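What follows is a set of notes on a single structure, which appears directly below.
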């Protein structure tokens, strides 16, 4: 890690990364350990169509937060100098 | 219902290798999508099909990973001030109509000419559209590079200026990315075409992004970020439609999402380090390379339809494998350019920071 990154003022989101990571892993474990039940229920169609959609939102919320913190913790962040965007 | 039962029984078994494979393909696809607004999907559907996933389940599961991915990407890029939510939603709604119409055309072609006919239509659409649009984007990026004004702010094209100058009372909407009022009568056909392309080749962004840049006059960075909003709107509607028929394999969708959320965050960060014309370079290159990939498949489908001499099994296999390999190469090249540009951008920033510190020290 370069000296430059050590100067970053903001504290790195270790706590957020760990909590979100654990929740994301738990979600994936639950999905993969109950594949048959989930596939049978989600595959029914009709009103059950809400299930995959809700699942996608829930997974993206927790896993999205985890991956975001993950890169921040690694020191990979957006350019400091704000680019000119009209 | 019959289809549903069949689809469920066609949900494949997952092993560790399959999971890792989907995760990696998801990551690379996400990286490119985060950068240019779309582009990972055309590899994911064939990648799933190569694992034995039926075509419709692959399309449905791909779509169900696309909308949450696009949402996370859009939120990330909104933080950088690159997203025009209003334009994304306006285009997204008309794109939804385009998806439905595109799917309807596909069904009719399939009924009339069978699978080979439908595949031929998809491949020809790929080749023609990617050749015209991809070639145009690459030429434009090359001209910017040659002219040495890559640092300057992008100028709206003549067409965009004309579109922005037309005033049709009652239809005018202000869009912040364009910093102008544009009639929705112009945005509707663009969104519709984006949706039709998404239904045909799975990547609506190849029309959506260039049309926002060249026809409406949006800067490249905002166009590619706004495309993520369109992809979200389209993907959500499409996923629901497929889920109603029980075609979404949520396991596949979520595993790809696992990889692609890592990728899309990185791709979005990457956009803050590059000059705007790099978006055009990556998009144009991927489009032109993918064009060759699909072009190789045209003779296969022509021979299946009996329009040309029948090809031997060996030849078909070679063409199919080469086509898939070229497609993956296109995506990897895109990912490589994004990562390289990001690396260079970060180095330059660190160097600048070191200089600033030194100068400050002197004072």
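Residue numbers (this note's numbering), protein chains in the order written: chain A, 1 to 86; chain B, 1 to 363. All C-beta atoms in this analysis are idealised placements derived from N, C-alpha and C, irrespective of residue type, glycine included. All figures in this text were calculated on a predicted structure; none of them were measured in a lab.
Subject >> residue 182 of chain B (DSSP reduced to helix, strand or coil) >> reply: Translated into positions along the second chain, residue 182 of chain B becomes position 182. Looking at residue 182 of chain B - three-state DSSP - the assignment turns out to be strand.
Could you work out which residues of chain B lie near residue 78 of chain A, taking near to mean beta carbons separated by less than 7 Å?
Against the first chain, residue 78 of chain A aligns to sequence position 78. By Cβ distance, chain B contributes 80, 269, 272.
Checklist entry - With a CB to CB cut of under 7 Å and the five nearest residues on each side skipped, what residues in its chain are close to residue 196 of chain B? => result By 1-based counting over the second chain, the position of residue 196 of chain B is 196. Contacts found: 98, 101, 102.
- Message: Taking the alpha carbon of residue 116 of chain B as the reference point, which residue from B/324, B/242, B/349, B/308 has its own alpha carbon closest?
- Response: Start at 1 with the first residue of the second chain, and residue 116 of chain B comes out as number 116. Comparing Cα-Cα distances from residue 116 of chain B to each of B/324, B/242, B/349, B/308, the minimum goes to B/308.
- Item | Range of the contiguous beta strand (DSSP E) that encloses residue 11 of chain B | In the second chain, counting from the first residue as 1, residue 11 of chain B sits at position 11. Element bounds for residue 11 of chain B: n/a, residue is neither H nor E.
Taking Cβ positions only, does residue 251 of chain B come closer than 8 Å to chain A? Position 251 of the second chain holds residue 251 of chain B. It does: the Cβ of residue 251 of chain B has a partner Cβ on chain A nearer than 8 Å.
Residue 12 of chain A touches chain B at which residues, Cβ-Cβ below 7 Å?
Sequence index remark: in the first chain, residue 12 of chain A carries index 12 (1-based). None at all; the shortest Cβ gap to chain B is about 15 Å.
### Query
Of all the CB atoms in chain A, is at least one closer than 8 Å to the CB of residue 245 of chain B?
Working through the second chain from its first residue, we reach residue 245 of chain B at position 245. It does: the Cβ of residue 245 of chain B has a partner Cβ on chain A nearer than 8 Å.
Note to self: Quick check on DSSP: helix, strand or coil for residue 173 of chain B?
What the structure shows: Indexing the second chain from 1 puts residue 173 of chain B at position 173. In this structure, residue 173 of chain B counts as strand in the three-state DSSP scheme.
### Query
Using the C-alpha atoms, what's the distance from residue 323 of chain B back to residue 332 of chain B?
Translated into positions along the second chain, residue 332 of chain B becomes position 332. Translated into positions along the second chain, residue 323 of chain B becomes position 323. So the two alpha carbons sit approximately 14 Å from each other.
Item to check | Closer than 8 Å at the beta carbon, the chain E residues around residue 68 of chain B | outcome: Absent from the structure is chain E; the protein chains it does hold are A and B.
Worksheet item: Alpha carbon to alpha carbon, what distance is there between residue 334 of chain B and residue 285 of chain B?
Response: By one-based count along the second chain, residue 285 of chain B stands at place 285. By one-based count along the second chain, residue 334 of chain B stands at place 334. Cα to Cα, residue 285 of chain B sits roughly 8 Å from residue 334 of chain B.
Original post:
At least one CB of chain A closer than 8 Å to the CB of residue 345 of chain B: is that the case?
Top reply: Stepping through the second chain from its first residue, residue 345 of chain B is reached at position 345. Yes, because at least one Cβ of chain A sits closer than 8 Å to the Cβ of residue 345 of chain B.
Cβ-Cβ separation, residue 24 of chain A to residue 349 of chain B (assumed contact under 8 Å), whole Å: Your numbering for residue 349 of chain B matches position 349 in the second chain. Your numbering for residue 24 of chain A matches position 24 in the first chain. At roughly 30 Å, the Cβ-Cβ gap does not stay under 8 Å, so residue 349 of chain B and residue 24 of chain A are not in contact.
Flag residue 2 of chain B as yes if its beta-carbon sits less than 8 Å from any beta-carbon of chain A, otherwise no.
-> Here residue 2 of chain B refers to the residue found at position 2 when the second chain is read from its first residue. Bear in mind that the predicted position of residue 2 of chain B carries a pLDDT of just 46, short of 50, making it unreliable; the figure below should be weighed with that in mind. No, residue 2 of chain B does not count as interfacial toward chain A.
*Excluding the five sequence neighbours on either side, which residues of its own chain have a C-beta within less than 8 Å of the C-beta of residue 64 of chain B, listed in chain order?*
Against the second chain, residue 64 of chain B aligns to sequence position 64. Here the set comprises 235, 239, 242, 243, 248, 250, 253.
- Query: Name the chain A residues that come within less than 7 Å of residue 248 of chain B, Cβ to Cβ?
  - Reply: Along the second chain, one-based indexing puts residue 248 of chain B at 248. Correct list: 42, 52.
> Residues of chain B with CB under 9 Å from residue 38 of chain A, in chain order?
Replying inline: Stepping through the first chain from its first residue, residue 38 of chain A is reached at position 38. Here the neighbours are 250, 251.
Mapping DSSP to helix, strand and coil, what is residue 313 of chain B? The residue given as residue 313 of chain B occupies position 313 in the second chain. Residue state, collapsed to three classes: helix.
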